[in-house]
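Structure first, commentary second.
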Amino acid sequence: MAGARVIEEIVARSPDRFEITVFGDEPYGNYNRIQLSGVLGRLKDPAEIMLNPFEWYEQHRVRLHAGVRAERIERDAEVVVGRPAGRNGHGKSIELEEPYHKLIIATGSRPFVPPMEGREKNGVFVFRTIDDCASIAEWAGKSKRAVVIGGGLLGLEAARGLLSHEVEVTVVEVAPQLMVQQLD
25 MAGARVIEEI
35 VARSPDRFEI
45 TVFGDEPYGN
55 YNRIQLSGVL
65 GRLKDPAEIM
75 LNPFEWYEQH
85 RVRLHAGVRA
95 ERIERDAEVV
105 VGRPAGRNGH
115 GKSIELEEPY
125 HKLIIATGSR
135 PFVPPMEGRE
145 KNGVFVFRTI
155 DDCASIAEWA
165 GKSKRAVVIG
175 GGLLGLEAAR
185 GLLSHEVEVT
195 VVEVAPQLMV
205 QQLD
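Residue numbers (this note's numbering): 25 to 208.
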């Protein structure tokens with residue numbers, strides 16, 4: 025969300041000063057991740073949490089490579105190399121190169137998955153994206169119980185979202201209390 029906020033500020037202050045190109049490994053414009061629990065809980069449609077849908081990028085002449093992960097930066101050549109999620113007709117992913125003069129790196133965060141046995145099995149999810157919500161909801165429709173590892177804000181939000189699927193939820197937290205980062 026921080027990277028999108030930077031773009032909004034640049035466009036608001038100097039709309040014609042820069043040619044802006046954005047890589048995003050998800051196939052969407054930016055959205056409010058804080059509201060993902062509403063999507064998981066069926067209170068919101070993913071379209072309702074979009075901050076800047078595709079049309080916004082077009083209107084502000086921002087070139088968005090949605091679904092393209094920035095793989096590397098070639099600093100000497102001032103080029104960002106990305107790789108789309110899809111494959112070409114030969115089963116290989118095609119690289120996309122975009123030149124730059126100024127570069128902002130806003131990679132966001134990644135979920136921490138504890139190093140435990142079974143974390144790679146079916147039915148184990150992280151709670152970070154719209155696609156994660158869809159996968160979790162699909163699984164929840166076939167399940168009676170869920171365990172959420174992590175009693176922080178996101179873990180509790182995920183648990184709340186799962187409850188709307190009529191799933192019995194257990195939250196597991198290593199700290200002596202819930203929301204240890206938020207409450208003292």
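Every residue, glycine too, gets a C-beta built ideally from N, C-alpha and C.
Quick caveat: nothing in here was measured; it's all calculated off a predicted structure.
What residue range does the beta strand (DSSP E) around residue i cover?
i: Ile173; result: 169–173
i: Gly48; result: 44–48
i: Glu121; result: 120–123
i: Met74; result: 74–76
Looking at the structure shown, is residue i part of a helix, part of a strand, or coil, going by DSSP?
i: Arg143; result: coil
i: Arg16; result: Residue coverage of the chain in this structure runs from 25 to 208, which leaves residue 16 outside it and unanswerable.
i: Ile129; result: coil
i: Arg184; result: helix
i: Arg134; result: coil
i: Arg152; result: coil
i: Val103; result: strand
i: Leu178; result: helix
i: Val86; result: strand
i: Pro70; result: helix
i: Tyr55; result: strand
Between residue i and the ligand MN, is there a pair consisting of the residue's CB and a ligand heavy atom that are separated by less than 7 angstroms?
i: Lys145; result: Among the components modelled here there is no ligand, and therefore nothing to report on the ligand MN.
State the Cα-Cα distance for the pair residue i and residue j, rounded to the nearest angstrom.
i: Gly165; j: Pro135; result: 23 angstroms
i: Glu33; j: Glu181; result: 29 angstroms
i: Arg93; j: Glu119; result: 10 angstroms
i: Met140; j: Ile160; result: 20 angstroms
i: Ile44; j: Gly53; result: 14 angstroms
i: Ile97; j: Thr194; result: 42 angstroms
i: Arg66; j: Arg99; result: 44 angstroms
i: Glu79; j: Val86; result: 10 angstroms
i: Glu122; j: Gln206; result: 40 angstroms
i: Val63; j: Pro70; result: 6 angstroms
i: Leu127; j: Ile58; result: 26 angstroms
i: Glu82; j: Trp163; result: 35 angstroms
i: Thr131; j: Lys68; result: 26 angstroms
i: Glu192; j: Val46; result: 40 angstroms
i: Cys157; j: Val30; result: 26 angstroms
Around the C-beta of residue i, are 16 or more other C-beta atoms found within 10 angstroms, so that it is buried, or is it exposed?
i: Asn76; result: buried
i: Ile129; result: exposed
i: Ile154; result: buried
i: Ser38; result: exposed
i: His189; result: buried
i: Ser133; result: exposed
i: Ala28; result: buried
i: Leu88; result: buried
i: Ala199; result: exposed
From which residue to which residue does the alpha helix (DSSP H) around residue i run?
i: Ile97; result: Careful: Ile97 lies outside any alpha helix (DSSP H), inside the beta strand (DSSP E) at 92–98.
i: Gly62; result: 60–64
i: Glu197; result: Where Glu197 is concerned, there is no enclosing alpha helix (DSSP H), given that its DSSP letter is neither H nor E.
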